[in-house]
Amino acid sequence: MKNIWRKKNGVIRFDLPSTDRTTGPQWIKRLKNKGFRVGKDAKSILLSPNFKPTIRVVNQVAVLKGMLFEDNDRITVKIRAEAQKRGWTKPNAEIACLIRESFSDEELEAMGLWGIIAMHEVGA
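Number 401 in my numbering belongs to position 123 of the sequence shown; there are no gaps in the numbering.
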């Protein structure tokens with residue numbers, strides 16, 4: 279399946295494939311087997327007992343590009359406030375894994391993205 283994305287007013291939108299109940303450790307192995315690096319922070323989140331995989335969920339994703347925020351305003355609390363103002367929900371951490379798996383480096387760069395940060399909550 280070729281993933282189609284669109285950009286309008288600094289917001290990138292796309293749909294991700296249905297989730298398949300992949301656990302955190304399974305995501306780490308799956309991504310590494312495909313040649314992707316899984317950083318320390320990502321491993322910490324994926325190995326957390328608070329990571330809850332989903333099944334048969336198709337996520338409609340909206341990405342707020344950093345250019346929408348001044349440098350001093352590009353902080354988690356302000357980005358979350360903007361997302362809430364737009365009526366968006368907080369994504370599950372598995373979204374970052376699905377994005378990495380769904381798009382090539384070239385496609386991510388064409389979107390103007392050089393890293394994936396999912397604004398999820400795992401703690402508490």
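Note that beta-carbon positions come from the ideal geometry of N, C-alpha and C, so glycine has one too. Since the model is a prediction, treat every value here as computed from it, not as a measurement.
Three-state secondary structure (DSSP) of L391: coil
Which residue marks the beginning of the alpha helix (DSSP H) containing D319, and which one marks its end? 318-324
Could you tell me whether the region 309-325 touches the region 380-389, where touching means 3 or more Cβ pairs closer than 8 angstroms? no
Look at the Cβ atom of R334, then the Cβ atom of S296, and state whether they are nearer than 8 angstroms. yes
For the 8 angstroms Cβ check, are there 3 or more pairs between the region 345-361 and the region 316-327? Contact fails: fewer than three Cβ-Cβ distances are below 8 angstroms.
Residue interval of the beta strand (DSSP E) (run including A371): No beta strand (DSSP E) contains A371, which DSSP labels as neither H nor E.
Under the three-state DSSP convention, the category R299 falls into: coil
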